[in-house]
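Numbering (our numbering), first residue to last: 7 to 288.
Think of the CB as a built atom: it goes at the ideal place given N, C-alpha and C, for glycine as much as any other residue.
As the structure is a prediction and not an experimental result, all values here were calculated from the model.
In what follows, a structure is listed as structure tokens, so that the remarks can point back to it.
Here you go:
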């Protein structure tokens with residue numbers, strides 16, 4: 007909620023689509039054009055030149071960058087949100103030279119900010135340790151779950167039918183990049199079956215499957231086949247946001263052994279839906 011005692015100006019590129027639902031009133035909207043440059047350079051110019059110049063022109067008291075891309079030149083006090091340090095801490099996510107240079111730039115700009123907002127105490131510790139920022143300048147503001155669209159204990163039959171769900175299932179919902187450790191989920195499920203676990207409890211992997219099988223996006227269908235559990239694994243594909251609470255609620259347990267998260271929204275969503283959660287301590 008916006009404090010009515012303050013005046014807010016939303017600064018966006020003039021080419022960006024703007025919908026009424028995206029505008030929590032009352033505030034004004036200022037459109038700033040993107041320069042006629044290649045896409046990556048236009049983005050960098052807009053973040054590093056246009057935004058701080060407009061902040062000074064508007065005589066803003068504070069500039070808030072809601073994602074990790076605060077300007078290096080800060081003519082007004084600047085606050086930035088840093089959700090996590092994945093590009094800094096995980097080599098597989100650093101990308102090519104252009105991405106590494108950009109990550110290095112935004113890391114330096116974050117150190118110059120008057121304050122940094124993040125989403126968990128874990129991310130705060132990483133920011134303090136790896137960006138060398140005093141703890142007093144970093145504030146953890148935790149995420150909250152989306153408003154439930156299906157009541158606890160409600161009718162799950164429509165979702166079971168829509169996604170062809172088994173009667174009982176372990177659930178994973180999320181991406182399939184290597185950090186999510188879906189390989190570990192499949193290995194654990196195989197071990198569960200080998201140790202006499204009930205084979206009627208299937209494994210449901212929900213989310214858009216990788217377009218290509220790569221080291222960064224290992225195809226879970228191939229992994230399941232190699233482990234001999236493909237027949238016991240059900241793939242839903244992409245799941246609509248409004249269907250997620252029921253999908254969580256119907257699970258025997260939600261599995262989330264990710265190797266690194268800034269927050270881990272899926273864990274919170276599953277708990278809010280009443281699902282037991284098995285997760286990792288990373």
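Exercise. DSSP beta-bridge partners for residue 281?
Worked result: Residue 281 is not bridged to any residue.
Exercise. Which of helix, strand or coil does DSSP assign to residue 19?
Worked result: strand
Exercise. What residues in its chain sit with their C-beta under 8 Å from that of residue 139, if we drop five residues either side in the sequence?
Worked result: 116, 117, 122 and 133
For this session: Please list, in chain order, all residues of the same chain as residue 183 whose beta carbon is under 7 Å from its beta carbon, the five residues on each side excluded.
Result: 222 and 223
For this session: Drop a sphere of 10 angstroms on the beta-carbon of residue 77, count the other beta-carbons inside from all chains shown, and report buried for 16 or more, exposed for fewer.
Result: buried
Problem set entry | Simplified DSSP state of residue 259, which is helix, strand or coil | strand
Exercise. Where does the unbroken alpha helix (DSSP H) through residue 95 begin, and where does it stop?
Worked result: 92–95
For this session: For residue 110, name the three-state secondary structure that DSSP assigns.
Result: helix
Problem set entry | For residue 120 and residue 85, believed in contact at Cβ under 8 Å, the rounded distance | 6 Å
Problem set entry | Cβ shell of residue 27 (< 6 Å), same chain only, five flanking positions each side left out | At residue 27, the pLDDT of 46 sits below 50, so the modelled position is not reliable and the matter cannot be decided from this model.
For this session: Could you have a look at residue 236 and say whether DSSP puts it in helix, strand or coil?
Result: helix
Problem set entry | Selection from 185, 53, 137 and 88 that minimises the alpha carbon distance to residue 18 | 53
For this session: Pull up the distance between the alpha-carbon of residue 282 and that of residue 150, whole angstroms please.
Result: 18 Å
Exercise. Could you give the C-beta distance for residue 239 and residue 207, rounded to a whole number, given that I count them as a contact under 8 Å?
Worked result: The pair is not a contact, with the Cβ atoms about 12 Å apart (cut-off 8 Å).
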